[in-house]
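**Student:**
Numbering (full-length UniProt numbering), first residue to last: 1 to 245.
Laid out in structure tokens, this is it:
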């Protein structure tokens, strides 16, 4: 699409410039007066010269060349505007919502009675990270747009690590772009929120198994993700009471 826009613009510019120079040569060929008028008063001089000398075939052809060039330039400008508008719509549609708009579900804890256990359970490890989508399908786009579109696609698939990688690459291409900055910020919040939720759930599970030392470690990690979080602080307090009755 971009190649067609640039090609139309260059062709139109060439035709318009050729027609203007051709008219200038014809005007000097008629007389010095017409040539100087066209050169120093390009619009008024050209209009007078073309209207008076309209019966000449060369004048008609030069004007036709200019008009076709102007039309091509206009079409390329319209296509460029439509292309930019389409990309802005994509960004507006896929821009992640702020963290503040995400509903928060409160979790009520029902702590069991303490019993003695000697079992130690290691925290679960996540499988190796694999991107959900490939960049190959987006090779025809410009670098910035390609990274942004892949990022939004990955975000929609909840593959936040792939999204963050592409948003950061887009931000390197255009460091001052507000869309890329906002996308990086929102994706980092989603990753942090996901890590917090996973760690808190692991802590609750350890607490339900009465493995209070392990649960305490999980809750402390969750508090590092969200300093001052009331749920993490409450969970730490309850777990410490179990460890130190």
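Positions of the beta carbon are idealized from the N, C-alpha and C atoms, including for glycine.
So, using beta-carbon positions, are residue 203 and residue 235 closer together than 8 Å?
**Tutor:** The residue labelled residue 203 in the question sits at position 203 within the chain shown. The residue labelled residue 235 in the question sits at position 235 within the chain shown. It is a contact, given that the beta carbons lie within the stated cut-off.
**Student:** Output the distance between the C-alpha atoms of residue 164 and residue 144, rounded to the nearest integer angstrom.
**Tutor:** On the chain shown, residue 164 is found 164 positions in, with the first residue counted as 1. On the chain shown, residue 144 is found 144 positions in, with the first residue counted as 1. Approximately 14 Å, taken between the alpha carbons.
**Student:** Report the three-state DSSP secondary structure of residue 158 (helix, strand or coil).
**Tutor:** Taking the first residue of the chain shown as position 1, residue 158 is located at position 158. Note: residue 158 maps to coil in three-state DSSP.
**Student:** Using the C-alpha atoms, what's the distance from residue 197 back to residue 7?
**Tutor:** Here residue 7 corresponds to residue number 7 of the chain shown, with the count starting at 1. Here residue 197 corresponds to residue number 197 of the chain shown, with the count starting at 1. Approximately 52 Å, taken between the alpha carbons.
**Student:** Helix, strand or coil for residue 72, going by three-state DSSP, please let me know.
**Tutor:** On the chain shown, position 72 is the one that residue 72 refers to. Correct three-state label for residue 72: helix.
**Student:** Hey, how far is the Cα of residue 65 from the Cα of residue 169?
**Tutor:** Taking the chain shown and counting its residues from 1, the one referred to as residue 65 is at position 65. Taking the chain shown and counting its residues from 1, the one referred to as residue 169 is at position 169. Cα-Cα distance, rounded: 44 Å.
**Student:** Pull up the distance between the alpha-carbon of residue 77 and that of residue 18, whole angstroms please.
**Tutor:** To locate residue 77, count along the chain shown from 1; it is residue 77. To locate residue 18, count along the chain shown from 1; it is residue 18. For residue 77 and residue 18, the distance between alpha carbons rounds to 20 Å.
**Student:** Please list the terminal residues of the continuous alpha helix (DSSP H) segment that includes residue 230.
**Tutor:** Indexing the chain shown from 1 puts residue 230 at position 230. Run containing residue 230: 230-243, per the alpha helix (DSSP H) assignment.
**Student:** Output the distance between the C-alpha atoms of residue 25 and residue 79, rounded to the nearest integer angstrom.
**Tutor:** Translated into the one-based positions of the chain shown, residue 25 becomes position 25. Translated into the one-based positions of the chain shown, residue 79 becomes position 79. Cα to Cα, residue 25 sits roughly 33 Å from residue 79.
**Student:** How about residue 187 and residue 160: are their beta carbons less than 8 Å apart?
**Tutor:** Numbered from its first residue, the chain shown carries residue 187 at position 187. Numbered from its first residue, the chain shown carries residue 160 at position 160. It is a contact, given that the beta carbons lie within the stated cut-off.
**Student:** Three-state secondary structure (DSSP) at residue 172?
**Tutor:** For the purposes of this step, residue 172 is taken as residue 172 along the chain shown, with counting starting at 1. The DSSP-derived three-state label of residue 172 is helix.
**Student:** Hey, would you say residue 213 sits closer than 8 Å to residue 233, going by beta carbons?
**Tutor:** Along the chain shown, read from residue 1 onward, the residue named residue 213 stands at position 213. Along the chain shown, read from residue 1 onward, the residue named residue 233 stands at position 233. Not closer than 8 Å, so no.
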